[in-house]
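Working notes, beginning with the structure itself.
Number of protein chains: 2
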Amino acid sequence: MVLAAEQEYLSLIAPELPEILVRRYRLLRKIYYSAPIGRRSLASYFKMGESVLRKETDLLREQGLIAVETRGICLTSSGESLVTAITPYIKSFLGLTVLEEKLSGLLKVKRVIVVTGDLENDEVVLLEMGRAAAKILRKCLKPHMVLAVSGGTSCAAVSHMLSESGGPSGITVVPARGGLGEDVDYQANTIAARVAQKLKANYRLLHLPDSLSQDALDMLLREKKIKEILDLINTARILVHGIGTAEEMARRRGAGTEEMKRMNEEGAVGEVFGFFFNTRGEIVDSIPSLGLYLEDLGNRVDNVIVVAGGRKKAEAIIAVVGNHPRDLLVTDEAAAKRILELYGHKEGETIYPNSNGIKI
Amino acid sequence: MVLAAEQEYLSLIAPELPEILVRRYRLLRKIYYSAPIGRRSLASYFKMGESVLRKETDLLREQGLIAVETRGICLTSSGESLVTAITPYIKSFLGLTVLEEKLSGLLKVKRVIVVTGDLENDEVVLLEMGRAAAKILRKCLKPHMVLAVSGGTSCAAVSHMLSESGGPSGITVVPARGGLGEDVDYQANTIAARVAQKLKANYRLLHLPDSLSQDALDMLLREKKIKEILDLINTARILVHGIGTAEEMARRRGAGTEEMKRMNEEGAVGEVFGFFFNTRGEIVDSIPSLGLYLEDLGNRVDNVIVVAGGRKKAEAIIAVVGNHPRDLLVTDEAAAKRILELYGHKEGETIYPNSNGIKI
DNA sequence: ATCATGCGGGTCTTTTTTTATCCCATTTTT
DNA sequence: AAAAATGGGATAAAAAAAGACCCGCATGAT
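Chains as they are written, first to last, in the numbering used here: chain E, 428 to 787; chain P, 428 to 787.
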């Protein structure tokens, strides 16, 4: 890792460096995840002119980092090793390493991983977060553990980025919540199944709809199958979950004005598998179906891995993570900086000023 | 110090970085030595357009590294600390650190210091070499030592860059050669006196002309004063000397065709206080005057510090340094690379390819 | 004290580079 | 076989850079 002093020297004498570095890094990272990809797609992805991008790709090709073929642009082997090798350096250069430490202290999370970029304008950031979380998740796994995974795009990213190399024996993957009326790709069940497949593990599914009347719920809970899986979920030792924002929640529960109003009154800003948190981290509401069973799931398990990024999620992250013992938070640069901002910190000496708002 | 791997990564992903870095560094260094200096002077010094330079200075001013005032451009305090702090980093970045080690092995010198740049197109390099040598020289000094210094621009630079902070007590500075028909600033006597002044030490001068008939010499040697100082020179424990090239020698001794021819036949390529060396390091000729007295001076003293730079001097350096035990060689990038070339080495992985031939 | 020199900084014109589109032949994918 | 997407190339418009000025002012020599 480079010393902090040297970064400052470099940025002083070559202030254009951070921008160049971030631009090229994002480009390589996108190619890494989307290869083979054409110049036009890249240009529109990064919202930059075709010729500007072409100049970049020409340069990277001359450097032997990418290969442009008729099917599209791919990383060469040296480009691939560069992009992985340079990641920690870029993080350190952008001050993300110190940012991680700061957040770890502020949020009282054992470890924070901050990924370069902004999830909201670079989809690849989500995958990168997923990869980071997947890497840590693998380390936490021990034989015969039960692993609970939540729904949402973040957890889906984790499942996608898990390598298909199997895992310890006897692992069982369960969803940490029932089905919501969403895209099947982001449902907890689907994600649990995919994680299990990647880990070559067993899995059980929870076939419960989102909104359910109390009567119907009571009836379903008498079903042995359902009871069984709920009990299994409660024995989970590892929990991976994303975080929903107030905005999402409102949209999902049907944008009923009444509902919105209640939400506002309650001060709910974040949601985790059916529980709604206010900024102080208190549960102010819940989807009734599973409340009884899963309420303190987050407190019972050994390892809680939280994956959430994007500036909008900063408040929700503080609400959920900042007030409960969590082991790992994987987030992105945009959310991390916003969280720091919300905690009233100014972006100071150690955080590189230019790294914010750089456009590729 | 930055790791070699990181330099390679940076150069791969941002190949324009080395050029920027070197350009700005040279600019700052020049200002450091020549402040206050105007834009026009700087532009003509670096042989670049005025507007190009203006953009650079504008940038450096925005970075707070320089202050442009009506009397000229100066370094700010942060610019000053940057330029000293960044020097080892630049060296490492340009591969000069590994170059030093290579040369140390090849030339069998205990330590080699390679200064960024080319003495032949950047006068500041000479000063920088002088500063490096002066720094080491100070460390070598112990009380009551005799220090012998040679003539030439390089030794003059050392004398100028010595700080005026005094030195150990009882030091005596003597010239390692007589007067040559040169500019007084570069004569050994002048330099010895200046070094003594900086060190607040004593000094003795040797008033012997360059070319002297044997008879005249014999007579002078009978002079007690002369004998005394020659004996003193022979008790020197530290020797600082530059190196003359074949070209210089010929010019100085009068470009007589006969002389030139003899030189060529002898294969003399380097000269040190009156002794001429061929590429194998053998003495092939000498200025008669002092031959008897000083022949093996270089072998008798404790520390020999050699200061010589510029591509043209590479051969002479190899001749003089490569075949005799020396403690320290201070040279520049151009000479160092040329020496490596002459030794038949290709510029390989570790030496940064672009660092050669960069123009500011 | 006065003068001449050289400074920074601004301005203007010319030249070069960059940018933004478009088109085409080819390959890949559907 | 058809459709979509690819890299490469060409061209015109736009922007930026470069170069060559001039001006008021401070400094240092006279």
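From the three backbone atoms N, C-alpha and C, an ideal C-beta is built for every residue, glycine too.
| Item | Value |
| --- | --- |
| Residues of its chain near E:Ile714, where Cβ-Cβ distance is below 6 Å and the 5 sequence neighbours each way are ignored | Gly701 |
| Sequence-distant residues of the same chain with beta carbon closer than 8 Å to E:Gly737, five excluded per side | Asp545, Leu546, Glu547, Asp759, Ala761, Ala762 |
| Burial state of E:Ser590 (16 or more Cβ within 10 Å) | exposed |
| Backbone secondary structure at E:Ile670 - three-state DSSP | coil |
| Minimum C-alpha distance to P:Arg538 - residue among P:Leu521, P:Ile517, P:Phe520, P:Ala560 | P:Ala560 |
| Residues near E:Ser586 in its chain [Cβ-Cβ closer than 6 Å; skip 5 each side] | Ile618, Arg621, Val622 |
| Sequence-distant residues of its chain with Cβ nearer than 8 Å to E:Arg788 (five each side left out) | With chain E covering only 428 through 787, there is no way to say anything about residue 788 of chain E. |
| is_contact[P:Arg456, chain E] using C-beta, thresh 9 Å | no |
| Proximal residues to P:Tyr452 (C-beta, below 6 Å), its chain only, five neighbours per side dropped | Ile517 |
| Cutoff 9 Å: E:Glu655 Cβ touching any chain P Cβ | no |
| Rounded Cβ spacing between P:Val711 and P:Glu698 (contact assumed at less than 8 Å) | Actually they are not in contact, since the Cβ atoms of P:Val711 and P:Glu698 sit about 10 Å apart, beyond 8 Å. |
| Extent of the continuous alpha helix (DSSP H) run through E:Val596 | In the sequence on display, residue 596 of chain E carries Ser and not Val. From DSSP, E:Ser596 is part of no alpha helix (DSSP H); its letter is neither H nor E. |
| Within 9 Å, strictly: CB atoms of P:Leu659 and P:Val576 | no |
| Straight-line Cα distance separating E:Gly522 from E:Glu528 | 10 Å |
| Outcome for P:Gln614 when other beta-carbon atoms lying within 10 angstroms are tallied against a minimum of 16 | buried |
| Proximity of P:Gly593 and P:Lys627 at Cβ, strictly below 9 Å | yes |
| Minimum C-alpha distance to E:Lys457 - residue among E:Gly708, E:Leu502, E:Asp485 | E:Leu502 |
| Cβ-heavy atom distance, P:Glu591 to the ligand ATP, below 8 Å | By its list of ligands, the structure shown contains no ligand whatsoever, and the ligand ATP lies outside what it can speak to. |
| Of the listed residues P:Phe703, P:Arg488, P:Ser461, P:Leu554, nearest to P:Glu674 (C-alpha basis) | P:Phe703 |
| Cutoff 9 Å: E:Leu626 Cβ touching any chain P Cβ | no |
| Local conformation of E:Tyr770 per DSSP, three classes | coil |
| Backbone secondary structure at P:Ala462 - three-state DSSP | coil |
| Range covered by the alpha helix (DSSP H) that runs through P:Leu789 | This structure leaves residue 789 of chain P out entirely; chain P is present only between 428 and 787. |
| P:Tyr516 at chain E interface by Cβ criterion, 9 Å | yes |
| Through-space distance from E:Leu444 to P:Ser519, alpha-carbon basis | 18 Å |
| Interface partners of P:Leu439 on chain E, CB under 7 Å | Gln490, Leu492, Leu509 |
| Distance between E:Pro463 and E:Thr497 (C-alpha atoms, nearest Å) | 9 Å |
| Inter-residue spacing [alpha-carbon to alpha-carbon] between P:Leu534 and P:Val541 | 13 Å |
| Close Cβ partners of E:Tyr630 (< 6 Å) along its chain, the five nearest in sequence each way excluded | Val600, Ala619, Ala620, Ala623 |
| N-terminal and C-terminal residue of the beta strand (DSSP E) that E:Lys537 is part of | 536-542 |
| Through-space distance from E:Arg558 to E:Met588, alpha-carbon basis | 5 Å |
| Residues near P:Leu554 by beta carbon distance below 8 Å, same chain, minus five either side | Tyr460, Ala584, His587, Met588 |
| Bounding residues of the beta strand (DSSP E) (the contiguous stretch that carries E:Asp712) | 710-713 |
| Within-9 Å CB hit, P:Ile447 to chain E | yes |
| Start and end residues, beta strand (DSSP E) containing P:Val576 | 573-576 |
| Contact belief for P:Leu755 with P:Ile598 at Cβ below 8 Å, rounded distance in angstroms | Between P:Ile598 and P:Leu755 the Cβ distance is about 18 Å, and since that is not below 8 Å, they are no contact. |
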